[in-house]
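Novice: No gaps in the numbering here: position 33 of the sequence shown is 33 in the UniProt record's numbering, and each next residue is one more.
Okay, here's the structure, questions in a sec.
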Amino acid sequence: ILAIQPSKEVPGTIHLLPCHVKHTGSANATKHWVVNAGEVDGTKVAHFRGRRLVGKAVSLPEGYSGHVLTVTDDVPTGAIERSKRNRPVEEGEGEEGEEGEGEVKTFKGLATFDNVVVWGHDIAPEEGGEYIARGMNEWIGLASKV
């Protein structure tokens with residue numbers, strides 16, 4: 001079961017950068033990631049480890065918004081009791097069988113967004129580049145079924 005805690009989410013900027021970074025800790029992004037507005041066409045320019053990157057904003061489809069979430073250890077009041085009450089009990093099932101069955105993952109909202117800046121090496125990616133548009137459509141299709 002998933003639960004999202006309401007919070008004062010602030011507008012944020014999401015960046016899709018085609019690279020692999022072998023680091024899982026925090027980074028001082030404001031110190032090392034400076035984005036400059038580009039020409040009239042709305043492109044953005046940045047440098048990452050000496051490489052020139054050119055970005056283009058891709059809007060989410062109409063009617064959709066994005067949310068940046070983080071996992072918390074909080075458990076919503078009554079969530080576990082409701083999940084256990086709604087689940088049928090199997091014959092011979094004891095306390096051990098219930099462990100993990102009604103687990104609730106709680107997320108807290110950090111930011112909202114309505115577009116994603118997609119970065120390319122040296123040149124801007126195509127408007128709504130094929131893999132990005134396909135990925136968004138696949139996720140939206142999945143989300144509509146969930």
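Every residue, glycine too, gets a C-beta built ideally from N, C-alpha and C.
Sorted by chain position, which residues of the same chain lie with C-beta nearer than 7 Å to Ser65's C-beta, five sequence neighbours on each side aside?
Specialist: Sequence index remark: in the sequence shown, residue 65 carries index 65 (1-based). Excluding positions up to five away in sequence, the list reads Thr112 and Asp114.
Novice: Locate the alpha helix (DSSP H) running through Lys31, then write down its first and last residues.
Specialist: As a working mapping, residue 31 is identified with position 31 in the sequence shown. Its alpha helix (DSSP H) spans residues Ala29 to His32.
Novice: For the segment 131-141 against the segment 24-34, are there 3 or more C-beta pairs whose distance is under 8 Å?
Specialist: No, because fewer than three Cβ pairs between the segment 131-141 and the segment 24-34 fall closer than 8 Å, the two stretches do not touch.
Novice: Do you know offhand how far Gly63's Cα is from His121's?
Specialist: Working through the sequence shown from its first residue, we reach residue 63 at position 63. Working through the sequence shown from its first residue, we reach residue 121 at position 121. Between Gly63 and His121, the C-alpha separation is close to 31 Å.
Novice: What does the alpha-carbon distance come out to for the pair Ala46 and Val21?
Specialist: Here residue 46 refers to the residue found at position 46 when the sequence shown is read from its first residue. Here residue 21 refers to the residue found at position 21 when the sequence shown is read from its first residue. The straight-line gap from Cα to Cα measures roughly 17 Å.
Novice: Taking the alpha carbon of His16 as the point to measure from, which residue in Val34, Pro61 and Trp119 has its own alpha carbon closest?
Specialist: Position 16 of the sequence shown, counted from the first residue, corresponds to residue 16. It should be pointed out that residue 16 corresponds to Leu in this sequence rather than to His. Out of Val34, Pro61 and Trp119, Trp119 has the C-alpha closest to the C-alpha of Leu16.
Novice: Per DSSP, what kind of secondary structure is Glu95 in: helix, strand or coil?
Specialist: Translated into positions along the sequence shown, residue 95 becomes position 95. Caution applies to Glu95, whose pLDDT of 49 falls short of 50 and renders its modelled position unreliable; the value that the coordinates give is listed next. Reduced to three states, the DSSP call for Glu95 is helix.
Novice: Under the DSSP definition of a beta bridge, which residues are partnered with Ile14?
Specialist: Within the sequence shown, residue 14 is the residue found at index 14, counting from 1. Beta-bridge pairing links Ile14 to Val116.
Novice: Ordered along the chain, which non-local residues of its own chain (more than five positions away) have a Cβ less than 6 Å from that of Asp74?
Specialist: Counting from 1 along the sequence shown, the entry for residue 74 is found at position 74. Within the same chain, Asp74 has close Cβ partners Thr106.
Novice: When burial is assigned at 16 or more other CB atoms within 10 Å of the CB, is Ala124 buried or exposed?
Specialist: The residue labelled residue 124 in the question sits at position 124 within the sequence shown. Looking at its Cβ environment, which holds 16 or more other Cβ atoms inside 10 Å, Ala124 is buried.
Novice: So Leu110 and Leu60 are supposed to be a Cβ contact under 8 Å. How far apart are they, rounded?
Specialist: Looking up residue 110 in the sequence shown gives position 110. Looking up residue 60 in the sequence shown gives position 60. Incorrect: roughly 17 Å between the Cβ atoms, too far for contact.
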